[in-house]
Amino acid sequence: MSQVLLDFRNSKGGPRWDLKSIYGHIVEFSGDQQGSRHIQKALETANSEEKEIVFKEVLPNAVQMMKDLFGNYVIQKLFEHGNMAQKRVLASQMQGKVADLSNQMYACRVVQKAFQHVLVEQQEILVRELAPNALQTIQDPNGNHVIQKVLESVDPSLTGFLYEAVSGHVVKLSNQTFGCRVIQRMLEFGNAEQKEGVLKEIMPAANSIMTDIFGNYVAQHVIKHANDHYRAEMIRIVLRGNVFALSRHKNASNIVEECIINGTAADRTAILKQLTDPAHDPNPLLTLMKDQYANYVLQKMLEELDMGPERQKLIDDMRVHFPALKASLTGRQASSLERLIAATEGTKSPRRSRSRSGRAKNTSRRSSELRVDVNSSTPTPVLTTEQNSPQSSSPPSTNSSALGDSGVAGVSADGNKGFMRALRGLSLQDNEEDVGADNLVADRY
1 MSQVLLDFRN SKGGPRWDLK SIYGHIVEFS GDQQGSRHIQ KALETANSEE KEIVFKEVLP
61 NAVQMMKDLF GNYVIQKLFE HGNMAQKRVL ASQMQGKVAD LSNQMYACRV VQKAFQHVLV
121 EQQEILVREL APNALQTIQD PNGNHVIQKV LESVDPSLTG FLYEAVSGHV VKLSNQTFGC
181 RVIQRMLEFG NAEQKEGVLK EIMPAANSIM TDIFGNYVAQ HVIKHANDHY RAEMIRIVLR
241 GNVFALSRHK NASNIVEECI INGTAADRTA ILKQLTDPAH DPNPLLTLMK DQYANYVLQK
301 MLEELDMGPE RQKLIDDMRV HFPALKASLT GRQASSLERL IAATEGTKSP RRSRSRSGRA
361 KNTSRRSSEL RVDVNSSTPT PVLTTEQNSP QSSSPPSTNS SALGDSGVAG VSADGNKGFM
421 RALRGLSLQD NEEDVGADNL VADRY
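Residues in the sequence shown are numbered consecutively from 1, following full-length UniProt numbering.
Structure representation (structure tokens):
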């Protein structure tokens, strides 16, 4: 360790430690946790001259730094805040190594950042290197994040090889930890023809996919992001099954909720009819209210049903079961449940704004908008302004929110804690994540 870095660490940084004070030691500082953070912060406000000096020191060691625990963050910052000429040169250092870097724990973050910030021409050069081993990279703990970022950031005209790679493997990938995330991104960002190929493999296996711990997220994405035909078909598959049993299933209950949210009023009526059919259980509504998964389905039904006799009857029927529920709850829980159910007799929660397809508006800036002067010192805009989906919120992601806590709340053994909290307007699900890369969090415990 140099004396400069030692002095910096002993002094715990400070105003006198600007970038100029560490020139000649940029690479060393980048490999140190404190030093790396210092450079990252400084680059956010550095002028063109300062960034050029940092860039020149980093360049001979760029690939090594991409793979470094702390150094990779400095390279990411240069992709974010450097000028286009610097980004072009940094990306050229990756050429011939993209596949290897994509599967490396720290470098995969840099590759993602590169795809977000380089121009279309260089995206095309880099993405070609993923083609020979695309299927392997899709299933890699680190590489799958790069594939996801490619699907989000690169024009579909350049990603066709990925859809070719998964052809014949969609169901298998949908039921895998890492593959399911890539299939979800394909359903979000593919063009109509690309999605069609994926959906044709999913639909025949829909019943098994929706009950799988990973596959259920893919089934949810079909309902949220597929066209009207496939959305309606998925809902029909659910209705042809045992909705009562699916609502009590840890994974499939998610699908029933998406059907309620994205289906038509007639779909909701059909689902409610099955949920309350005594053929499934002598007291179906009581059973569902006490179930740790099905109670969320009832919550969603209350949220989505239009104000009117149908919704009011559901509330009235639920109130009938208060005595039986109270017997299994503490006094505080029981009184809270009664109070909160009573509150639902007023105005219902407003529905979230969504398009007919159920998909959020795409705010992505496709690459055609990024044809700028390569010698400009102005930072390039990113290709997409959307956050990573919860399904890819692991440390290998370039999204800063990926390093946060999941915020998952627990559910009591009988599931009624979640039921009460949701009716209070604090839906447990609002704080939950879906499939994370290194920390899988199921929708409900």
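We put the CB at the ideal spot given by N, CA and C, even for glycine.
If you're wondering where the values come from, they're calculated on a predicted model, not measured in any experiment.
The alpha helix (DSSP H) enclosing residue i, as first and last residue numbers
i	result
S174	170 to 174
A226	Run containing A226: none; DSSP gives neither H nor E here.
Q312	309 to 320
A294	294 to 304
S92	84 to 94
N142	N142 -> no alpha helix (DSSP H), and no H or E assigned at all.
F55	48 to 58
S253	252 to 262
R109	107 to 117
L126	120 to 128
Y163	160 to 166
residue 454	In this structure the chain extends from 1 to 445, so residue 454 is not present and cannot be described.
M186	179 to 189
I39	33 to 45
Q194	192 to 202
A205	No alpha helix (DSSP H) contains A205, which DSSP labels as neither H nor E.
F214	Premise fails: F214 is in no alpha helix (DSSP H) and is neither H nor E.
M1	M1 -> no alpha helix (DSSP H), and no H or E assigned at all.
S102	98 to 102
A265	265 to 275
S247	243 to 247
Integer-rounded CB distance, given that residue j should sit under 8 Å from residue i
i	j	result
R88	Q122	6 Å
N257	Y296	Before going on, a small fix: residue 257 reads as Glu here, not Asn. Yes, E257 and Y296 are in contact; Cβ-Cβ is about 6 Å, under 8 Å.
F8	S36	Not really, about 12 Å apart at Cβ, beyond 8 Å.
V166	E129	Going by Cβ atoms, the distance from V166 to E129 rounds to 18 Å, so no, they are not a contact pair.
L19	A42	5 Å
E152	R185	6 Å
L187	H225	5 Å
D68	Y106	6 Å
Straight-line gap, residue i to residue j (C-alpha atoms, nearest Å)
i	j	result
L286	I255	21 Å
P284	Q299	15 Å
D100	I22	31 Å
Q391	I183	Note that Q391 scores a pLDDT of 41, beneath 50, so its modelled location is shaky and nothing firm can be said.
M66	S328	56 Å
V171	E44	43 Å
D316	I202	39 Å
A131	N207	31 Å
G96	V63	11 Å
S253	C180	18 Å
N10	I26	17 Å
L193	A266	Note on identity: in this sequence residue 193 is Glu, with Leu being the wrong assignment. Taking the straight line joining both Cα atoms gives about 29 Å.
N72	K56	16 Å
A114	A46	20 Å
V77	A85	Residue identity differs from the one stated: residue 77 is Lys in this sequence, not Val. Using only the alpha carbons, I get a separation of about 15 Å.
S157	Q148	15 Å
R240	G82	55 Å
V4	S92	31 Å
S376	E50	The predicted model places S376 with a pLDDT of 40, which falls under 50 and marks its position as unreliable; any figure quoted below should be read in that light. Answer to the nearest angstrom: the Cα atoms are 15 Å apart.
H229	M210	18 Å
K250	Y293	6 Å
G143	N103	5 Å
N262	I237	14 Å
H169	Q112	24 Å
F244	L314	15 Å
F29	M1	10 Å
F214	N175	5 Å
N227	I125	32 Å
Member of the options whose CA lies at the smallest distance from the CA of residue i
i	options	result
T276	N242, A265, F55	N242
R248	Q3, M289, I235	M289
R16	D32, G31, H38, C259	H38
L119	I138, G143, E80	E80
K200	Y73, I147, Y163, P278	Y163
N216	L246, Y106, E193	L246
T264	D306, K250, N83	D306
T269	D291, S102, V146, E304	E304
E310	Q112, I271, V154	I271
E52	D32, T177, S2, G24	G24
P60	D68, L90, V222	L90
V74	K273, Q40, D155	Q40
V222	V320, I213, K195, E28	K195
T159	Q33, G190, I213	G190
M301	Q136, D32, F29, C259	C259
G34	V127, A279, K12	This sequence places Gln at residue 34; Gly is not what is there. When each option's Cα is compared against that of Q34, the closest is K12.
D212	A324, T177, D32	T177
Min CB distance residue i to chain C below 7 Å
i	result
G168	Absent from the structure: chain C. Only one protein chain is present.
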